[in-house]
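Engineer:
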Amino acid sequence: MADVEESELNETQKKDIAKWFLLNSPPGEIQYVAKDVKAILDGDELYEEAASESFPVYNKSHMISLELPDRTGDVIITSFGELGNNEFLDPRTAQVAIIDHVKQVCTEVRPAMDEELPSPYIEEYRCALDAEILKYISEAYPKGVCSVYCGSGKDLEGPGSDFELVVVISAARHSPQNFWCDIN
Numbered sequence: 002m003a004d005v006e007e008s009e010l011n012e013t014q015k016k017d018i019a020k021w022f023l024l025n026s027p028p029g030e031i032q033y034v035a036k037d038v039k040a041i042l043d044g045d046e047l048y049e050e051a052a053s054e055s056f057p058v059y060n061k062s063h064m065i066s067l068e069l070p071d072r073t074g075d076v077i078i079t080s081f082g083e084l085g086n087n088e089f090l091d092p093r094t095a096q097v098a099i100i101d102h103v104k105q106v107c108t109e110v111r112p113a114m115d116e117e118l119p120s121p122y123i124e125e126y127r128c129a130l131d132a133e134i135l136k137y138i139s140e141a142y143p144k145g146v147c148s149v150y151c152g153s154g155k156d157l158e159g160p161g162s163d164f165e166l167v168v169v170i171s172a173a174r175h176s177p178q179n180f181w182c183d184i185n
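Residue numbers for the sequence shown follow the working numbering, so the first one is 2 and each next one is one higher.
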């Protein structure tokens, strides 16, 4: 067999591989994977690029919940509550959480603006469903978090209008001790 010359990976290839590892991290384990990926990559800049692209996707796909800084509850990181620019709506408290995806923390909270919230007519239904879902969650998922979002028709004002409410339940239970890993 002919000797195959091995070539160095370029920066883009390294970043793509790092993103793959981050995006395919087991649930609740991305911080551990990120630590290893950062150690393998030579430069912090390359890691920061990969992390800034991967963590938002991972957080939304795993619907992680983060505690609000004022401890008024949790916000679920989901596309249903995403307002853009790392902002996520918590419909129960009518607050918008600003998220640091890489650190997986809520850095600050601001009141939601009227255009970010459903109309009072829709909010009445959203609150009623939210109250019932909270009862269900407390029984079925004691450590779970839930939110009810208005999926469509949030500006409707009266009966006979079609709107959609979306229930999101996040109840992650991670047991890394159930997996073997050699940390030596």
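Backbone N, C-alpha and C fix where the C-beta goes; we use that ideal spot for every residue, glycine too.
I'd like the list of long-range same chain contacts for A113, defined as Cβ closer than 7 Å, with 5 residues on each side in sequence excluded.
Structural biologist: These residues qualify, in order along the chain: L90, A95, Q96 and V97.
Engineer: Could you check whether the segment 9 to 17 touches the segment 36 to 55, counting it as contact only if at least three pairs of C-beta atoms, one from each stretch, sit closer than 8 Å?
Structural biologist: Enough Cβ pairs lie closer than 8 Å, so yes.
Engineer: Hey, how far is the Cα of Y137 from the Cα of G29?
Structural biologist: So the two alpha carbons sit approximately 24 Å from each other.
Engineer: Which of the three DSSP states is assigned to V97 in this structure?
Structural biologist: Strand, per DSSP.
Engineer: Taking the alpha-carbon of F186 as reference, which of E83, D101, Y126 and S80 has the nearest alpha-carbon?
Structural biologist: Nothing in the structure corresponds to residue 186, since the chain is present only between 2 and 185.
Engineer: Report the rounded CA-to-CA distance for K27 versus A35, giving the unit in angstroms.
Structural biologist: Just to set this straight, residue 27 is Pro in the shown sequence, not Lys. Roughly 12 Å separates the two Cα atoms.
Engineer: Can you tell me the Cα-Cα spacing of W21 and D71, whole angstroms?
Structural biologist: Taking the straight line joining both Cα atoms gives about 34 Å.
Engineer: Among the candidates S66, E88 and S80, whose CA atom is the shortest distance from the CA of G74?
Structural biologist: Of the listed residues, the one whose Cα sits closest to G74 is S66.
Engineer: What are the start and end residues of the beta strand (DSSP E) that includes I138?
Structural biologist: Careful: I138 lies outside any beta strand (DSSP E), inside the alpha helix (DSSP H) at P121 to A141.
Engineer: Could you spell out where the alpha helix (DSSP H) holding T13 opens and where it closes?
Structural biologist: Residues E12 to L24.
Engineer: Mind checking who S153 pairs with in its DSSP beta bridge?
Structural biologist: Bridge partners of S153: E165.
Engineer: DSSP three-state call for E83: helix, strand or coil?
Structural biologist: Of the three classes helix, strand and coil, the one that applies to E83 here is strand, per DSSP.
Engineer: If contacts are defined as beta-carbon pairs under 8 Å, then C151 and P119 qualify, I think. What distance do you get, rounded to the angstrom?
Structural biologist: Right, their Cβ atoms sit about 4 Å apart.
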